[in-house]
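Notes for the one structure printed next.
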Amino acid sequence: MSKYMVNLKINNMPVSVEEGTTILEAARQLNFKIPTLCNHPDLTVAGNCRVCVVEVKGARQLSAACATPVSEGMEVFTNSEQVRTSRKHIIELLLSEHNSDCTKCQKNGSCELQSLAFEYRVGDHVLMSLLKPEDLIPDISSPSIVKDNSKCIHCQRCVRTCAELQGVSALGVAFKGNHQSISTFLNKPLNEVVCTNCGQCINRCPTGALTERNNIEDVWNALYDPNKFVVVQTAPAVRIALGEELGLEPGHRVTGKMVASLRKIGFNKVLDTDFSADLTIMEEGFELLNRLRKVLVEKDETVKLPMMTSCSPGWIKFIEHIFPNLNDHLSTCKSPQQMFGAVAKTYYADKVNVKAQDMVVVSIMPCTAKKFECDRPEMRSSGFKDVDYVLTTRELGLMIRQAGIDFASLEPEGYDSILGESTGAAVIFGATGGVMEAALRTAYEVVTGREVPFTNLDIKPVRGMEGVKEASIKIKNVKPEFAHLEGVELNVAVAHGLANARKVMESVQNGTSNYHFIEIMACPGGCLGGGGQPIPTSKEIRDKRAEAIYEEDLNMPIRKSHENPDVVAIYEEFLGEPNGHKSHDLLHTHYKVRNRY
Amino acid sequence: MSTTEVLISELVEKHGRTRNSLMPILQGIVQQEKFLSEDAMVSVARELNISAADVFGTASFYTFLDTVPRGKNVIRVCKTISCHMKNKDEIIRALENALKIKVGETTHDKEYTLLTANCLGWCHKGPVMLINDEVYPELTPESALKIVNEHMHSK
């Protein structure tokens, strides 16, 4: 149904927009920028910060541009004296409750409130500070997220993110009036509530009220320690987003420059989480085939289908809190980060002749939940903490700047060998649907001896930004040992964003779905939209990152996990076979039941 | 099942499981138990399939939905401007002395909690107090004590 067009004037310039468009969007079409704080392209309209106020001719008071739809004949002024005076006053009011210790703030230089204060040249404090002393102590209980109420301007982007995108609502609005605060249940510390550590709130917080736990100094200390052998692994989604942190447009692939900068920073070896992503596909693919056999042939009722992926630590904590009765559906495979750590401090330590206790494993991740994951007590299969420190893409960007490296002029370099080899299948782990696609490329070939029946190996139905994607593949002409799968229609589902995950889980719980295998990523768009990725984020930015990921895949000489030479070698020399005894010791884990609220 | 859980399941039976049944359920619990315990809020969240932070958000917004333990009877003295100008402080002082507690506290026998409240809408007849749901207007320190005394002996 076509929409009516509405004609209006903004700053005396005529514009024609679809009905339902807000003044804010209409002004953008004319390239008038109206400042916003509570507004975010991924979230519903809140209209509570008021910095977007504009004058509408004939209206008694100023209107919030983000929350006011256009109407025929409307005349809007975005920069009148009244607008400017009010806007400046609103910014000053916000600052009166804000801890403006900007030079010490993690968001210094990337804070939306700070830029507005700068733009509007707010003067000396005209208003009394209403900062509450009890807010001055930040909540540092979580290994992933720091919550500092003294920086909070109550825009509720985090609350909407947690509710609308993630369906978790670990954060809510508590109390009222001047006592209002963004609070967990009973204001408990973040590590005691249902927070999944996904960090999506951090990506959308306009100030320094929500930031990641910073581990940069820990990593520098390890690098400066002459007795430590420091290896670094980089997740698939970092290489297509790091550029944004260092002044490039979204969608730039900077794999080679990233490797070069890590080497310049001083890591002893620069290795790739993509290697262990391929390893994950082997373990998880074979686990799926085993489960299918046990359920379809042996009728083993203790084995659960659908099997669900276990790469995303935010998703894992979500299911442990909200659907712990479905824990048995989770693949027992550790995430690629943790598989890497376990292998690094055993197999690889032997190879490079370094004692495991002298090795420090650092991960560069698009993710804040990975900081929590590496602290889990289950993640010590090597006898040590398998992964010592996790840095987000943002933290790596800062480290590169601290090191004085001119990123743009770096010549691309390649990963070290071994554990630096990867495939296109591993790269796409960074996008929603990628693990599914990689798993199908391998599993289908293992079962039938032929490549998946999709042009260029691109399994299009599981790609894209649809919240829940479904696909099915008919398995035909199988190898003799997989005769039980002949003619089976393999049904798969892919969901990203925990609100979508919840829908899929409810369908599994009610028995209304017929899936065999489900991929879930906690963050919108998958890891490329992770809570540790460069800020800002929007659908357009995530789309560009996804394009870059699939480009990277297409450009890889090897595009199937089971063909990764490092993976082939580790099975021959060390692990034996997928899901074998050694794999179970090092590469698999178990899950907890956590409090529901 | 604890008595609170039994109460909550009865309230859910009566009011339903939709988001807008949250208020009457919380009011029902406060009526019985005088406050919302952590366990009660978690149970309500579970029954309504919403987050506990959302239940706490609603509970903490409304003054009459207490989240800390209260006595069997709650006295609330209006603290807003009209009652203030009519010497509500004297009423409070008299009650504090008689009950041997300060505003915000509960008597040792858990019978009475003394609180202040924002405008009760009785500005023309201030100062006023509430004992549970009953309004007592045009108080003096003496009449306030008499009313509380009678309340104590009416059971």
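From first to last, the protein sequence lines stand for chains A and B. Quick note, in the working numbering, the first sequence goes up one by one and the last residue is 1197. Quick note, in the working numbering, the second sequence goes up one by one and the last residue is 913. Even glycine gets a Cβ: it sits at the ideal position worked out from N, Cα and C. Computed from a predicted model, the values in this text were never measured in an experiment.
By the Cβ rule, the region 825 to 835 of chain A does not count as touching the region 769 to 789 of chain A, because fewer than three pairs are nearer than 8 Å. In the DSSP assignment, residue 714 (chain A) falls within the alpha helix (DSSP H) that extends over 712 to 719.
With respect to chain B, the C-beta atom of residue 627 (chain A) has no partner C-beta closer than 8 Å. Measuring C-alpha to C-alpha distances from residue 701 (chain A) to each of A:748, A:691, A:734 identifies A:748 as the nearest.
Between residue 918 (chain A) and residue 1035 (chain A), the gap from beta carbon to beta carbon reaches 8 Å or more.
Closer than 9 Å at the C-beta level to chain B, one finds no residue of the region 968 to 993 of chain A. Counting the other Cβ atoms within 10 Å of the Cβ of residue 1089 (chain A) gives fewer than 16, which makes it exposed.
Near chain A, meaning a CB-to-CB distance below 8 Å, the residues of the region 823 to 851 of chain B are 825. The region 1013 to 1094 of chain A contains, as complete beta strand (DSSP E) runs of 3+ residues, the segments 1068 to 1074 (chain order). Secondary structure note for residue 812 (chain B): its alpha helix (DSSP H) is the uninterrupted segment 810 to 819. Residue 819 (chain B) and residue 785 (chain A) do not touch by the CB rule: their CB atoms are close to 14 Å apart, not below 8 Å. In the DSSP assignment, residue 687 (chain A) falls within the unbroken alpha helix (DSSP H) covering 681 to 696. Restricting attention to A:1049, A:1096, A:1094, A:1054, the CA atom closest to the CA of residue 1078 (chain A) is found in A:1049.
Residue pairing for residue 781 (chain A): DSSP places it in a beta bridge opposite A:774. Annotation for residue 875 (chain B): no alpha helix (DSSP H) segment contains it, though the beta strand (DSSP E) segment containing it runs 870 to 875. Counting every other CB atom within 10 Å of its CB across the protein chains shown gives residue 1197 (chain A) a total of 16 or more, marking it as buried.
By the C-beta criterion, the region 698 to 718 of chain A is judged to be in contact with the region 749 to 767 of chain A, since at least 3 inter-stretch pairs fall below 8 Å. In terms of beta-carbon proximity, residue 867 (chain B) stays away from the interface with chain A, with every pair separated by 8 Å or more. Distance from the CA of residue 1057 (chain A) to the CA of residue 939 (chain A), rounded to the nearest whole angstrom, comes to 26 Å.
In this structure, residue 962 (chain A) sits near residue 832 (chain A), with a CB-CB distance shorter than 8 Å.
Annotation for residue 787 (chain B): 762, 765, 766, 769, 794, 798, 802 place their beta carbon closer than 8 Å to its own, counting only its chain and skipping 5 residues before and after.
The continuous alpha helix (DSSP H) containing residue 855 (chain B) extends over residues 846 to 857. Leaving aside the five residues that flank residue 653 (chain A) on each side, the residues in its chain whose CB is nearer than 8 Å to its CB run, in chain order, 662, 663, 664, 665, 683, 686, 687, 690. The beta carbon of residue 912 (chain A) sits closer than 6 Å to those of 1121, 1122, all from its chain and outside the five residues before and after it, given in chain order. The beta carbon of residue 1014 (chain A) sits closer than 8 Å to those of 856, 859, 1020, all from its chain and outside the five residues before and after it, given in chain order. Taking 8 Å as the CB threshold, residue 1099 (chain A) stays off the interface with chain B. The Cβ neighbour count for residue 931 (chain A), taken over all protein chains shown within 10 Å, is at least 16; the residue is labelled buried. If you look at residue 853 (chain A), you'll find it isn't in any beta strand (DSSP E); DSSP assigns it neither H nor E.
For residue 837 (chain B) against residue 844 (chain B), the beta-carbon gap comes to about 11 Å, at or over 8 Å, which does not count as contact.
Here the C-alpha atom of residue 817 (chain B) lies approximately 11 Å from the C-alpha atom of residue 773 (chain A). By the neighbour-count criterion, in which 16 or more other beta carbons inside 10 Å mark a residue as buried, residue 934 (chain A) falls on the buried side. Residue range 829 to 834 is occupied by the beta strand (DSSP E) that includes residue 829 (chain A).
DSSP places residue 833 (chain B) inside the beta strand (DSSP E), whose first and last residues are 831 to 836. In the DSSP secondary-structure assignment, residue 676 (chain A) is bridged to A:610, A:656. A distance below 7 Å between beta-carbons, with the five flanking residues on each side excluded, links residue 735 (chain A) to the following residues of its chain, in chain order: 749, 750.
Among the residues facing chain A, residue 796 (chain B) is included, as its CB has a counterpart in that chain under 8 Å away.
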